[in-house]
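Notes for the one structure printed next.
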Amino acid sequence: MSDTTFGPSSAPRTHAMRSMTELLASMRFAIALLTVICIASVIGTVLKQHEPAVNYVNQFGPFWAEVFLALKLNAVYSAWWFLVILGFLVVSTSLCIARHAPKYLADLRTYKEDIREKSLQAFHHKASAELAAETPEAAARRVGQQLVAKGWKVRLQQRQTPAGDGWMVAAKAGAANKLGYIAAHSAIVLVCLGGLLDGDLVVRAQMWFGGKTPYAGSGLISEVKPEHRLSERNPTFRGNLVVAEGTQSGTAILSQSDGVLLQELPFAVELKKFIVEHYSTGMPKLFASEIVIHDRATGEATPARVEVNHPVSYRGIEIYQSSFDDGGSEVHLRARPMAPGAEPFDVQGVIGGSTRLTHSGSGEGMTLEFTGLRVLNVENFGDTGASGSGADVRKVDLRESIESRLGAGNKTVSKRELRNVGPSITYKLRDAAGQAREFHNFMLPVDTGDGQPMYLLGVRETPAEPFRYLRVPVDAEGGMDGFLRMRLALADPQMRELAVRRYAAAAVDGARPELAEQLAQSAGRALALFAGAIDEPAAAAGRPRGGLQAISDFMEANVPEDERNRASEVLVRILNGALFELAQITRERAGLAPLPQNGATQAFMTQAVLSLSDAQAYPVPLAFELRDFKQVQASVFQVARAPGKNVVYLGCALLIIGVFAMLYVRERRVWVWLAPQETGARATMALSTNRKTLDADREFAQLTTQLIGTSPHGGAS
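Read left to right, the sequence shown gives residues 18 to 734 (the numbering used here).
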């Protein structure tokens with residue numbers, strides 16, 4: 018015999034462990050975890066994942082961007098707290114299964130035939146009857162056979178009573194309801210385990226314990242050090258593989274919140290041809306890639322075709338068609354001067370590359386980055402809403418119509434019309450401080466439906482903003498030279514003076530020289546205001562100098578309100594006439610014929626006035642025009658080794674079976690006690706079910722009629 022001594026802290030420790038187990042295995046804890054997972058999934062759906070940090074700063078501001086990045090909301094599904102929650106959910110559900118499954122399984126094996134007659138009287142569904150023509154044994158065997166014929170599982174039990182041998186008939190049906198509970202809970206465990214296997218858990222484990230670190234630099238893939246690479250034996254991963262036409266690649270990129278990891282593949286993918294087809298709206302309807310898979314171990318080359326929703330599987334790795342990108346297209350741009358001092362020049366580059374600008378007047382110290390080429394652009398156009406509708410600017414009210422025309426890039430259309438407007442180039446101009454503006458220029462003129470084609474020059478300060486477009490009218494020769502000549506001439510005081518003199522002389526036609534001088538003074542002031550050569554309220558308010566806004570501010574500050582409309586019409590007519598003479602002078606000096614007085618010239622001048630006004634806000638001295646290109650397509654594949662996929666599929670199948678069993682299968686038990694008496698047997702019957710429904714009432718009524726030949730007490734009371 019030995020003595021056992023318990024320390025003072027053993028009981029509290031045991032109690033704490035029991036309480037912790039009870040909490041983990043409780044339904045409220047599992048529901049709380051599921052709620053957090055649902056909220057996290059919503060955040061991961063609404064908030065764009067794995068975006069550059071600057072995008073979150075631009076969209077939400079520095080404070081909230083820092084909060085989001087600290088909480089890993091930019092990579093929810095690979096965040097450590099999300100993986101921890103999944104792990105706790107697996108533990109919680111597993112404990113719940115471990116606690117309840119043995120009881121349910123034991124319940125499936127028992128018929129509960131030991132129940133007493135008095136207990137049957139306490140059931141909701143109960144009935145009794147006299148069976149005068151049958152002995153208890155005969156009645157029990159008949160009832161049992163009838164229940165078996167209806168699909169019930171039956172067990173008979175003989176009991177000794179003071180009056181003789183009695184028989185208990187115990188039957189059960191719908192046992193799949195209990196199995197549904199086990200299947201549904203097991204499904205949650207399997208789905209979570211599959212998510213952990215196919216998520217970032219294994220990759221993160223290699224980072225925590227294997228010395229792997231994300232790579233945040235730039236350069237060639239071949240130059241990346243081994244600590245940033247994952248072995249091709251990595252059991253699970255999901256990354257992107259970008260392959261340009263005519264090239265091959267065997268290294269996938271796994272995006273991390275603070276950089277990337279490189280995943281070596283046991284094969285290389287060569288892109289022979291990328292195929293993309295579009296709907297009439299411009300949306301892609303088919304991505305397909307003709308590829309060749311080169312096995313690194315055997316050297317075997319296997320041709321294949323990858324389409325959206327039709328992946329290719331090779332050595333346990335799935336290759337999905339994700340999207341497409343530019344594979345390094347060659348572009349030829351022409352720099353067009355938008356301000357005095359800049360000179361036109363040609364520049365060539367490759368999409369994804371950059372070049373340093375060194376030409377005089379081009380903004381030395383700036384870097385031109387070639388960011389994108391789109392060969393197809395399907396846009397919406399309508400018959401209204403575009404700058405330069407063909408209206409005569411002399412009939413424009415300065416406070417309403419003119420101001421509504423400022424910022425032409427924000428106009429909306431009233432009639433939907435889809436049209437392919439041809440190729441476009443996207444580039445960035447980055448200054449010496451690292452700040453960049455993004456530009457989006459179309460190669461071909463765009464006809465917005467008003468008869469005056471225009472070149473669209475887009476600009477935005479940050480990626481979070483939409484592009485604002487400067488509309489440059491096409492001149493009589495089919496280019497933008499006419500507008501650019503006017504733009505440069507407008508900034509030249511001597512050219513403005515010459516245009517004003519010509520306009521005044523033509524307006525009075527030598528009849529009244531003193532009137533010509535007054536008209537020249539008015540035209541000179543209007544043209545100087547429009548050119549931004551006079552300090553006015555707009556500059557003091559921080560708005561761009563010049564343009565129609567400057568004239569509007571001048572009128573508001575110097576003309577009484579009751580005379581403003583009439584004076585506005587006169588001043589705009591004078592401005593329009595002076596600008597027309599300026600256009601004629603620029604054509605004369607370029608050796609071109611004068612503009613004729615017709616509708617085409619009027620449409621050009623109308624849009625030119627509005628574009629010259631908007632051009633005051635164009636932020637750089639040069640616009641780059643796309644002159645030629647050689648497109649090179651690239652295919653973006655998603656490559657994944659997902660051993661947890663089959664586990665998830667099994668979990669989904671179990672979940673469907675379990676939910677169906679729990680919702681549509683009713684567990685029922687029936688007992689019929691047959692007690693002996695002088696004239697035969699007395700039957701006492703009861704039914705239990707896990708859900709009280711009208712179907713249960715009808716079924717019990719039918720059973721009592723068929724088995725013991727009577728109706729339930731009080732209608733199954």
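Positions of the beta carbon are idealized from the N, C-alpha and C atoms, including for glycine. Quick caveat, the model's predicted, so the values are computed rather than measured.
In this structure, Ile602 places its C-beta atom within 8 Å of the C-beta atom of Ala516.
Non-local C-beta neighbours of Leu100 in its own chain, meaning closer than 6 Å and more than five positions away in sequence, comprise Leu218, ordered along the chain. When rounded, the separation of the alpha-carbon atoms in Val309 and Ala659 is 22 Å. Residues of the same chain with a CB within less than 6 Å of the CB of Gly499, apart from the 5 flanking positions on each side, are Asp492 in chain order. Cβ atoms of Asn194 and Pro480 stay farther apart than 8 Å, at about 55 Å. Bounds of the beta strand (DSSP E) holding Phe646 are 639-647.
Of the candidates Leu536, Asn91, Leu90, Pro510, Leu536 places its Cα closest to the Cα of Tyr520.
Spatial neighbours of Ala42 in its own chain (CB-CB distance under 7 Å, excluding positions within 5 residues in sequence) are listed in chain order as Ser109, Leu112, Cys113, Arg116. For Gly616, the enclosing alpha helix (DSSP H) starts and ends at 616-632. The region 124-136 makes no contact with the region 225-236; the number of CB pairs closer than 8 Å stays below 3. Only buried fits Glu716, as 16 or more other CB atoms lie within 10 angstroms of its CB. DSSP links Leu213 through a beta bridge to no other residue.
Under the three-state reduction of DSSP, Ala118 is assigned to helix.
Asp342 is bridged by DSSP to Ala651. In the DSSP assignment, Arg351 is bridged to Asp363, Glu642. In this structure Ser569 is buried. Its beta-carbon is surrounded by 16 or more other beta-carbon atoms within 10 angstroms. Taking C-beta atoms as the reference points, Leu278 and Pro231 count as a pair closer than 8 Å. A Cβ-Cβ distance of about 25 Å is found for the pair Leu288 and Leu643, leaving them out of contact under the 8 Å criterion. Collapsing the DSSP output to three states places Arg221 in a helix. Ranked by Cα distance from Val656, the first of Gly608, Phe387, Ile270 is Ile270.
Boundaries of the beta strand (DSSP E) harbouring Met702: 697-706, taken from the DSSP string.
Comparing alpha carbon positions, the residue from Asn257, Gly496, Arg373, Ala540 closest to Leu507 is Ala540.
Straight-line measurement puts the Cα of Val165 at about 22 Å from the Cα of Ala150. Counted as a single uninterrupted DSSP element, the beta strand (DSSP E) harbouring Gln177 occupies residues 170-178. Only residues of its own chain outside the window of five on either side were considered, and among them Thr706 have a CB closer than 6 Å to the CB of Ala713, listed in chain order.
Take Asp312, set aside five residues on each side of it, and the residues of its chain with a beta-carbon closer than 6 Å to its own are Phe284, in chain order.
In this structure, DSSP gives Pro79 a helical state, which the three-state scheme calls helix. Shortest Cα-Cα distance from Ala261 to any of Arg255, Gly236, Lys290 involves Lys290. Per DSSP, the unbroken beta strand (DSSP E) holding Pro490 starts and ends at 485-490. Remark: C-beta atoms of Val206 and Val186 do not approach each other more closely than 8 Å. Boundaries around Lys189 are those of the beta strand (DSSP E), 181-190, since no alpha helix (DSSP H) includes it. In this structure, the CA atom of Leu196 is about 19 Å from the CA atom of Val664. Across the set Tyr94, Ser203, Leu64, the C-alpha of Leu64 shows the shortest separation from the C-alpha of Trp81.
Annotation for Ala57: no beta strand (DSSP E) segment contains it, though the alpha helix (DSSP H) segment containing it runs 44-63. Straight across, the Cα-Cα distance linking Ser585 with Ala634 is about 23 Å. When the five nearest sequence neighbours on each side are left out, the beta carbons in the same chain lying within less than 7 Å of the beta carbon of Gln723 are those of Gln163, in order along the chain.
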